[in-house]
Amino acid sequence: MINYNALNIPVFNKVTAQAASILDIGCGTGEMGNALKKQQPHRKVYGITYSQSEMQVAEQYLDKVWLVDLNEKIPILNTEFDCVILSHVLEHTYQPTQVLAGFTPYLKNSGMSIVALPNIMFYKQRLKFLRGKFTYSQEGGLMDVTHFRFFDWPSAQQMCIDAGFEIVSKEATGIFPLPIFRTLFPSIAKRIDNYFVRVYPGLFGFQFIFTLRKAVR
44 MINYNALNIP
54 VFNKVTAQAA
64 SILDIGCGTG
74 EMGNALKKQQ
84 PHRKVYGITY
94 SQSEMQVAEQ
104 YLDKVWLVDL
114 NEKIPILNTE
124 FDCVILSHVL
134 EHTYQPTQVL
144 AGFTPYLKNS
154 GMSIVALPNI
164 MFYKQRLKFL
174 RGKFTYSQEG
184 GLMDVTHFRF
194 FDWPSAQQMC
204 IDAGFEIVSK
214 EATGIFPLPI
224 FRTLFPSIAK
234 RIDNYFVRVY
244 PGLFGFQFIF
254 TLRKAVR
């Protein structure tokens with residue numbers, strides 16, 4: 044699953060080379076921003092976190108970090124960005140649509156927003172629901188105790204649209220159940236994963252990734 048302080052490679056790969064100014068909302072300890080700056084040293088990368096301890100680490104890598112609880116307010120920023128990243132952030136907010144929409148003024152008209160969300164209907168979680176298990180976890184994952192909102196494939200897309208965005212691209216990352224086969228033939232298993240996650244993202248994807256731009260009104 045997702046380690047919030049690790050680099051989310053599929054999200055990292057969505058950031059274009061043209062993005063010179065980036066806002067990483069939910070920046071954690073700055074792993075994403077650090078990697079983005081190493082990729083292109085001229086970049087300016089800024090972060091937002093609600094954790095004082097994370098902020099102290101992230102400040103070593105990013106150009107500026109703001110300490111903000113997004114459930115209380117959207118910060119007032121004096122700049123616009125080429126790219127705004129919200130990777131596994133919105134599920135931790137009370138009003139994710141309003142939070143996503145709240146950062147629209149800070150995205151350039153030519154800019155892109157990248158949103159990553161966990162899929163509550165991932166097949167492993169569905170099986171738990173079928174067995175009557177709805178248990179929050181203290182150790183992260185789809186049922187993390189700090190998740191206030193849950194998304195499936197349709198509702199995740201609708202939230203992005205309701206927040207005032209047009210979906211430029213959408214995909215999922217995940218796995219297809221191949222326990223023994225995966226060990227014996229990992230490269231073939233990876234291709235099978237990619238096929239089934241692409242065809243059935245709402246079932247075999249454990250995270251959704253959307254590239255968004257401002258909708259024309």
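So for the sequence shown, my numbering puts the first residue at 44; every next one is plus one.
Every residue, glycine too, gets a C-beta built ideally from N, C-alpha and C.
If you're wondering where the values come from, they're calculated on a predicted model, not measured in any experiment.
Go ahead and pull the three-state DSSP assignment for residue i.
i      : result
Met155 : strand
Phe124 : strand
Ile163 : coil
Ile117 : coil
Phe247 : helix
Leu50  : coil
Would you mind working out which of the options sits nearest residue i, comparing C-alpha positions?
i      : options                        : result
Arg256 : Ala60, Ile210, Gln250          : Ile210
Asn77  : Tyr93, Asp106, Thr92           : Asp106
His85  : Ser64, Ile204, Glu74           : Ser64
Pro148 : His131, Phe124, Lys167, Pro139 : Phe124
Asp187 : Gln141, Gln168, Thr216         : Gln168
Thr264 : Val108, Leu79, Asn51           : Residue 264 is absent from the model: the chain starts at 44 and stops at 260.
Asn152 : Cys70, Gly90, Phe208, Lys213   : Phe208
Lys57  : Glu214, Thr92, Ser94           : Glu214
Ala206 : Phe228, Met75, Val158          : Val158
Leu150 : Cys126, Gly245, Leu173, Tyr179 : Cys126
Gly248 : Glu115, Arg174, Pro197, Asn121 : Pro197
Could you tell me which residues DSSP puts in a beta bridge with residue i?
i      : result
Lys213 : Phe253
Val108 : Gly90
Ser130 : Ala159
Ser282 : Because residue 282 is not part of the residues shown, which for the chain are 44 to 260, the question remains open.
Leu150 : Phe124
Can you round the beta-carbon distance between residue i and residue j to whole angstroms, since I take them to be within the 8 Å contact cut?
i      : j      : result
Ile163 : Leu185 : 6 Å
Leu275 : Ala199 : Residue numbering for the chain in the displayed model covers 44 to 260; residue 275 lies beyond these limits and cannot be assessed.
Thr216 : Val242 : Rounded, the Cβ-Cβ distance is 14 Å, inconsistent with contact.
His135 : Phe191 : 6 Å
Can you check the stretch 173 to 241 for any alpha helix (DSSP H) of at least 4 residues that lies completely inside it and give the ranges in chain order?
Listed in chain order, the complete alpha helix (DSSP H) runs (minimum 4 residues) inside the stretch 173 to 241 are 196 to 205, 222 to 227.
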